[in-house]
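Protein chains in written order, with our numbering: chain B, 1 to 341; chain V, 1001 to 1341.
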C-alpha cells in the first residue's frame, strides 16, 4: 500500500485544514493508501482527537520544529532538521513514504526536496510550473515560475520535456504542445539563449520527445493554443504574480464603474448587485483547487507543493495528485527520457 | 517655429487618419508649430485635397517607398531609403525638422532612429516604455518593453534614469519612483544581473538621479506604488502583450457567465446588456490614446512611436507630445545626466 507523508503544519489554515483534507482523501479513496501526518504534537493531536479517524489508514508523527512562511529557504533547511518538512522528505528518501505533500513555504520545500531527495538521473535543474486560465477549454501550464533564474537553453528544453511527460502520463493530455515564450513569433527572435533554445526544442520535437509549436508571445498565453509555455523563472514568476493580481485590480475598477452608473440613474441597486455577481462567476471555470498543487518536477521522489491559501479540498486533491504520480510512474518516465541525453 | 515631421503612411488607418490628426493638432494649437507630412503623393494628396487646410502650417513631402508592418526592421532601414520613415528621420538629422512622429512599424522605427539619429552622449542603449493601468490614480510606465534583450545592470539603470527625466520634465511627475522587477522583494533576490542592478539603482538614488523603491514583483505592477518599473525587454514585452490580451480574455468569460445567469432565470436580458456595458466602462479611466505614443528614449533626436491602431486623436496627441518634449528639453537633460557617468 502506498504511503503519503503530509505536512500538517503547512499553509495559512494549518493544521486544521490539512487534517480535514487528509481525512477526506482517505474516506473518498476508501482507504486505498495510507497517510502519515507530520507536525507538532501539541497543535495537531488535539484537533485530530476531535475527528472521527476510526478505521482510517492514518498515522501521526511528531516533528518539534516548524518552517514558517517567513523562513529563508536555504537557512530553514539546514537549521530546522526536526521540522515536518525535513522529516517528511527524509521518510521519502528512506522509502518509508512514497510522496510528500505540503502547502507550506514553497522555497523551503524546493530547497529541501533538492537537498534531501536529489535529482533524477539526467536532470540538470528541477522545476516548478503553474496553471493559467485560457480562452480554449482546459488550462495552460507555464514553466518555470521562479525556481530557476538565468536558464540556459538546455534547461528550458528539459522543462518542456519534463512537463510533457507529466501532462502525457499524469494529466491525460494526449499530445501536449509546447510554445517558447519570446518577443516575436519568427524563428531567430529574442536573446541568444532563446535562439538556441528554439533550435534545441525543434530537435527534441523531431526526436518525438515533445511537440513544439515554435515561439509564442505574451498575448498567446491566455488563448491556449499550447498547453506548455516555456520561459525563464523570472518571466514565469512575473506573469504568474501579475495574473494573480488581476481579479483584485478588476474589482477596484468595477466598484466605481457601478457607482457611476447607479448615480446617473442608468442602473438600479439590484442590477448593480447582479453585475457584481456576474463578475465573480466569470472566474468559476478556473478552479485551480481541483488540482490542489503542483509537483516539483525533476527531483528523485515526489514532492507536491501547494498554495499557502490551500483549503481542505486542495489538500485532498494534492494527496490524490501524489498517488496518481506514483501510479503513473512519472519519475521513471522522466529519468528514462532525460538520462538518454 | 518648431517643425514636426509626421509619417503619413504609418498605422492601420493611414494615411486618412494621420491627415485628420495632423490637421486637428494644427487647428487646436492655433498653428503654433508647423508640420511636414511625408508619404506617397498618390495616396496622400487626394485625401489632403478633400480637407480644408487653408492657412495651416502644413507642408507635404513625397516619399515613394513605404515601410510596412511586415517589413523586417534591419532590412527595411537599409533597402527603403526613400521611405517616409528614413526621409523623416533624415530631416530631423539635418535640422529641417525637430521631431518625427509615426504609428508605423515600431521595430523599423527604432532601428532607423538609432541608425539615422544615433545615441545621445553617454547612452548605452536607447529604450522604449509602455503605459500600464493601476489601482492608484495615474499610469505606470514599464521599461524596457522589447527594444533590448539580455540587458546588463548598467542598461537597466540607464532606463530608469532616462524615464525619470522624462516623467519629471515632460510628464509633470514631481518625484518619479522606480521599482526593479524581480522574483521577490528582498535585496539579494534574483539573477546576478538583478542583484547588481539593485546595488547600482541604490547608488543612483543616493546621487539624487532617481528615487529607488527597491525590488517589486509581478503583483505590484497594477497597484501603482511606483511610476517606473524596470526590467529586461523580454519580461516587459511579455507583460505588455499579456496585459493587452486581458480584455478579450475577460470578454470570452463574460458571455458564457451572462448566458448561464439568463438561462437560469437569475438575470433578465436587459440586466445582462447592462452588465456588459458596465464591463466596458470599467476600462475607461485608462485612455492611453491621450498620450498617443511613446518617445524612443536615448536617441539624439525626437522619435515618437505610436500604436498601429492609432486613431486621429492619438496622432494629434503624439504631435503634441513631440512639441512638449522639444520645449522641455528632455534630451538635453538626459545627455547631461548620463554623460556624467
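Quick reminder that beta carbons are idealized off the backbone N, C-alpha and C, glycines included.
C-alpha distance - residue i paired with residue j, whole-angstrom precision
i              : j              : result
residue 1061/V : residue 1014/V : 16 Å
residue 1289/V : residue 1266/V : 38 Å
residue 1297/V : residue 1163/V : 8 Å
residue 405/B  : residue 1081/V : Outside the shown range of chain B (1 to 341) lies residue 405/B, about which nothing can therefore be said.
residue 48/B   : residue 17/B   : 11 Å
residue 1171/V : residue 1020/V : 25 Å
residue 153/B  : residue 206/B  : 17 Å
residue 1282/V : residue 1195/V : 38 Å
residue 1247/V : residue 1097/V : 38 Å
residue 199/B  : residue 1071/V : 24 Å
residue 1005/V : residue 1057/V : 12 Å
residue 45/B   : residue 312/B  : 17 Å
residue 1024/V : residue 1041/V : 21 Å
residue 1073/V : residue 1009/V : 16 Å
residue 948/V  : residue 1173/V : Missing from the structure shown is residue 948/V; chain V here goes from 1001 to 1341 and no further.
residue 126/B  : residue 294/B  : 13 Å
residue 1319/V : residue 187/B  : 35 Å
residue 1043/V : residue 258/B  : 46 Å
residue 139/B  : residue 1270/V : 32 Å
residue 1256/V : residue 1193/V : 45 Å
residue 1/B    : residue 1238/V : 46 Å
residue 1109/V : residue 250/B  : 34 Å
residue 1095/V : residue 1059/V : 16 Å
residue 224/B  : residue 208/B  : 22 Å
residue 54/B   : residue 321/B  : 24 Å
residue 1264/V : residue 1277/V : 21 Å
residue 1028/V : residue 268/B  : 40 Å
residue 201/B  : residue 1260/V : 41 Å
residue 1197/V : residue 1327/V : 32 Å
residue 1050/V : residue 1329/V : 36 Å
Beta-carbon spacing of residue i, residue j below 8 Å
i              : j              : result
residue 331/B  : residue 291/B  : no
residue 1128/V : residue 1146/V : yes
residue 116/B  : residue 177/B  : no
residue 275/B  : residue 262/B  : no
residue 242/B  : residue 1279/V : no
residue 1026/V : residue 1035/V : yes
residue 1083/V : residue 1306/V : no
residue 1333/V : residue 1159/V : no
residue 63/B   : residue 39/B   : yes
residue 236/B  : residue 150/B  : no
residue 161/B  : residue 204/B  : yes
residue 1335/V : residue 1118/V : no
residue 1211/V : residue 1189/V : no
residue 1133/V : residue 1222/V : yes
residue 11/B   : residue 1183/V : no
residue 1165/V : residue 1337/V : yes
residue 1185/V : residue 1217/V : yes
residue 304/B  : residue 22/B   : no
residue 69/B   : residue 308/B  : yes
residue 1323/V : residue 1033/V : yes
Reference residue i; option with closest CA among the options
i              : options                        : result
residue 1148/V : 1111/V, 1166/V, 1258/V         : 1111/V
residue 1302/V : 1089/V, 1064/V, 1044/V, 1001/V : 1089/V
residue 1179/V : 1219/V, 1172/V, 1170/V         : 1219/V
residue 93/B   : 28/B, 40/B, 3/B                : 3/B
residue 300/B  : 135/B, 100/B, 10/B             : 100/B
residue 191/B  : 205/B, 174/B, 167/B, 231/B     : 231/B
residue 157/B  : 214/B, 264/B, 314/B, 304/B     : 214/B
residue 1252/V : 32/B, 135/B, 9/B, 165/B        : 135/B
residue 1114/V : 1139/V, 1078/V, 1268/V         : 1078/V
residue 229/B  : 141/B, 54/B, 124/B, 55/B       : 141/B
residue 7/B    : 54/B, 131/B, 264/B, 87/B       : 87/B
residue 1310/V : 1329/V, 1327/V, 1287/V         : 1287/V
residue 167/B  : 109/B, 202/B, 131/B, 201/B     : 131/B
residue 1065/V : 1260/V, 1085/V, 1050/V, 1059/V : 1085/V
residue 1339/V : 1260/V, 1120/V, 1028/V, 1327/V : 1120/V
Listed by chain order, chain D residues near residue i by CB distance under 7 Å
i              : result
residue 1244/V : Judged by its chain identifiers, the structure shown contains no chain D, and its protein chains are B and V.
Integer Cβ distance of residue i from residue j, believed to fall under 8 Å
i              : j              : result
residue 1104/V : residue 1067/V : 6 Å
residue 155/B  : residue 181/B  : Incorrect: roughly 14 Å between the Cβ atoms, too far for contact.
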